[in-house]
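Just so you know, the protein sequences line up as chains F and S, in that order. Each residue of the first sequence is one higher than the last, beginning at 4 in this note's numbering. Each residue of the second sequence is one higher than the last, beginning at 857 in this note's numbering. Structure, as structure tokens:
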Amino acid sequence: MQKQQISVLAKQKKYNALGPCANIFTSINTGSWRLERPEVNYSECVKCGICAMYCPANVITINKTEKECVQFMWDYCKGCGICANECPKSCIAMIEEKEGE
Amino acid sequence: MIDIKSETQGYVAHGVSACAGCGMELIIRNILDVLGDDTTVVIPPGCSALFCGFGKETALKIPAFQGNLENSAAYATGIRAGYRAQGNNHTTVLVYAGDGGTLDIGLQSLSGMMERGEDVLYVCYDNEAYMNTGIQGSSATPFHAWSTTTPAGKNVMKKDLLSIAIAHRVPYCASCSMGNIPDLRHKFEKAKSIQGPRVIHVFSPCPTGWGIKPAKSVEVSRMAIQTGMWILYEYEYGKLKVNIKPKSLEPICTYLKMQKRFKQVTDEQMEELQQLVTANYNKMLKMEKI
């Protein structure tokens, strides 16, 4: 495997790198770890963005123009529950993830 | 050079194999968000090595280098010297090491780096034990805390990294916490603009090793600030400043009872620890006035 990587790097003209090097940027599907899923009560949400600031996986985006303003990337959310714990209005609930849904 | 297979918002991949609720993951996302893509990262083996990736895969869009456990600061010195030889004075060289790689094994190379005054930003994320290898006690493990090598509680105090750094007369050093992200971002913006050795000590809870629920890790770090177990301060060109001063310190039992690693602490030990923590906090407030 190391030889393969060196041969890939040897073709690069811009960089002259020696030794094995990781050059594929990819994400693991950590969404499959999730046991509980955050669910937002949009009628109480004040769009403060604290959940997005403290999300360790950085999977929350706040879209202030839409009604469902808190958007999650379900492929990567690990279901840690920090967003629900940190929400100042306590409007995020953790609900159990059921199989097949 | 880099082959991007999945899109992300920042410079770190969304799906990395850190445990749910890990502080280290949130901290590196914010650091790289502040420092930008003109950064080179040096990472010793440990939990943070997952950002360098496995085999051909990486989780960082910026250049990262994985060295040995004991000489991250020396590697960073070399990278900095290489950049200087190329005429590059703008790239930030960042070391992202754990408490074992900083306070136990890497302390000599860190000390050498600070003595020589190299232009390196050294970050220690402190989860207070060797979490990656199975919760062995390190010199950053607090008084009376359980770990697999201190089953009855550690009987000595935690090493104070920033006092060691201040003794080397570094231009900037600071302590941050996962529980206060705006403060952390502000300190890294300041550190980016300063030349010379900079040391930042970040409090980073480990849900697995501390026996807390993943959802509570931010709450625990905030409670550490409220009780005085972790003081947020910065030292800039000889002047110390305590950034967050709680109106009155909470009793430390609220912090200790949140975690399973302090389960064996007796009332007498708690009283002893309370006195040490209060004395340390008052000492910091006095040092601020010097």
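Backbone N, C-alpha and C define an ideal beta-carbon position, used for all residues, glycine too.
With 16 other CB atoms within 10 Å as the buried threshold, where does residue i fall?
i: F/I98; result: exposed
i: S/K805; result: Look at the range of chain S in this structure, 857 to 1146, and you will see that residue 805 of chain S is not part of it.
i: S/R885; result: buried
i: S/R940; result: exposed
i: S/D955; result: buried
i: S/T933; result: buried
i: S/F910; result: exposed
i: S/E1144; result: exposed
i: S/Y981; result: buried
i: S/I1146; result: exposed
i: S/L1112; result: buried
i: F/N61; result: buried
i: S/N944; result: exposed
i: S/L891; result: buried
i: S/E984; result: buried
i: S/Q1051; result: exposed
Residues in the same chain with beta-carbon distance under 7 Å from residue i, minus the five sequence neighbours each way, listed in chain order, please.
i: S/C1109; result: M1126
i: S/H1000; result: G1009, K1010, F1118, V1121, Q1125, L1129
i: F/P91; result: C51, I53
i: F/C144; result: Absent from the model: residue 144 of chain F. The displayed extent of chain F is 4 to 104, so no value can be given.
i: S/I858; result: K917
i: S/Y986; result: G956, Q992, S994
i: F/T64; result: A55, Q74
i: S/H1057; result: C980, D982, L1017, L1018, S1031
i: F/E89; result: I53, C54, Y57
i: S/H946; result: D894
For residue i, I'd like the list of residues in its chain whose CB is within less than 6 Å of its CB, leaving aside the five on either flank, ordered along the chain.
i: S/L950; result: T895, V897, L977
i: S/Y931; result: V898, G923
i: S/I887; result: F1044
i: S/K1116; result: G1067
Using the beta-carbon of each residue, which ones in chain F are nearer than 8 Å to residue i?
i: S/V898; result: Near S/V898 there are no residues of chain F at all, since even the closest Cβ is about 15 Å away, more than 8 Å.
i: S/H870; result: S30, T33, A60, N61, V62, M76, D78, Y79
i: S/S1033; result: By Cβ distance, chain F contributes nothing, its closest Cβ being about 12 Å from S/S1033, past 8 Å.
i: S/C878; result: P59
i: S/S862; result: F28, T29, S30
i: S/R885; result: P59, N61
Pick from the options: whose alpha carbon is nearest that of residue i?
i: S/A1021; options: S/E1045, S/M1034, S/S965, S/C903; result: S/S965
i: S/A869; options: S/I918, S/G973, S/C903, S/G902; result: S/I918
i: F/V43; options: F/G34, F/C83, F/Y57, F/F75; result: F/F75
i: F/C80; options: F/R37, F/P91, F/S30, F/A25; result: F/R37
i: S/G938; options: S/I1037, S/D975, S/E1090; result: S/D975
i: F/N66; options: F/D78, F/C48, F/W77, F/N32; result: F/C48
i: F/Y57; options: S/D893, S/G879, S/T933, S/F1059; result: S/G879
i: S/E926; options: S/Q865, S/D960, S/W1066; result: S/D960
i: S/P1102; options: S/F999, S/L1088, S/Q1115; result: S/L1088
i: S/L1017; options: S/S862, S/L1132, S/Q992, S/E1090; result: S/E1090
i: S/T958; options: S/M970, S/G1067, S/I1050; result: S/M970
i: S/L1104; options: S/C875, S/G1084, S/T997, S/K1046; result: According to the sequence shown, residue 1104 of chain S is Ser rather than Leu. Comparing Cα positions, the closest option is S/G1084.
i: S/T1006; options: S/I1037, S/G1065, S/R1054; result: S/G1065
i: S/G866; options: F/N26, F/A96, F/E69, F/S30; result: F/S30
i: S/K912; options: F/K101, F/I27, F/V62; result: F/I27
i: S/A929; options: S/T947, S/L963, S/K1095; result: S/L963
i: S/M1013; options: S/Q942, S/T864, S/M1114, S/V1133; result: S/V1133
i: S/D889; options: S/H1042, S/K1139, S/L1141, S/P1053; result: S/H1042
i: S/K1097; options: S/D1123, S/Q1051, S/M1140, S/A1047; result: S/M1140
Chain S partners of residue i, CB-CB under 7 Å?
i: F/E89; result: V1074
i: F/I95; result: Those do not exist, as F/I95 stays about 10 Å from chain S at its closest Cβ, beyond 7 Å.
For chain A, find out if any of its Cβ atoms is closer than 8 Å to the Cβ of residue i; answer yes or no.
i: S/G954; result: No chain A appears in the structure shown, which is made up of the protein chains F and S.
Find the residues of chain S that neighbour residue i, judging by a C-beta separation of less than 8 Å, and give them in chain order.
i: F/Y57; result: L882, I1037, V1074
i: F/N26; result: M857, I858, D859, K912, T914
Along chain F, in chain order, which residues have C-beta atoms closer than 7 Å to that of residue i?
i: S/A1071; result: C83, G84, I85, A87, N88
i: S/Q865; result: N61
i: S/S904; result: None at all; the shortest Cβ gap to chain F is about 13 Å.
i: S/S873; result: I31
Excluding five sequence neighbours on each side, which residues of the same chain lie with their C-beta closer than 8 Å to the C-beta of residue i?
i: S/V872; result: E881, L906, F907, A915
i: S/W1086; result: S1031, S1033, F1059, S1077, A1080
i: F/N32; result: D78, Y79
i: S/T1004; result: G990, I991, Q992, G993
i: S/C875; result: C1062, P1063, T1064, P1070
i: S/D1039; result: C1032, S1033, L1088, N1099, I1100
i: S/F838; result: Outside the shown range of chain S (857 to 1146) lies residue 838 of chain S, about which nothing can therefore be said.
i: S/K1015; result: L959, S995, A996
i: S/S904; result: M880, I884, Y952, A953, G954, Y981
i: S/C1029; result: L1018, A1021, I1022, R1054, V1055, I1056, H1057, E1090, Y1091
Quick one: which chain F residues come within Cβ less than 9 Å of residue i?
i: S/C908; result: A25
Chain F contacts made by the region 1074-1085 of chain S, where a contact means CB separation under 8 Å: Going along the region 1074-1085 of chain S in chain order, one finds V1074, E1075 with a Cβ nearer than 8 Å to chain F.
Residues within the region 912-926 of chain S neighbouring chain F, beta-carbon criterion of under 9 Å: With the criterion set as a beta carbon lying under 9 Å from some beta carbon of chain F, the members of the region 912-926 of chain S are K912, E913, T914, A915, L916, K917, A920, in sequence order.
Against chain F: residues of the region 928-959 of chain S by CB proximity under 8 Å: Of all residues in the region 928-959 of chain S, none has a C-beta nearer than 8 Å to a C-beta of chain F.
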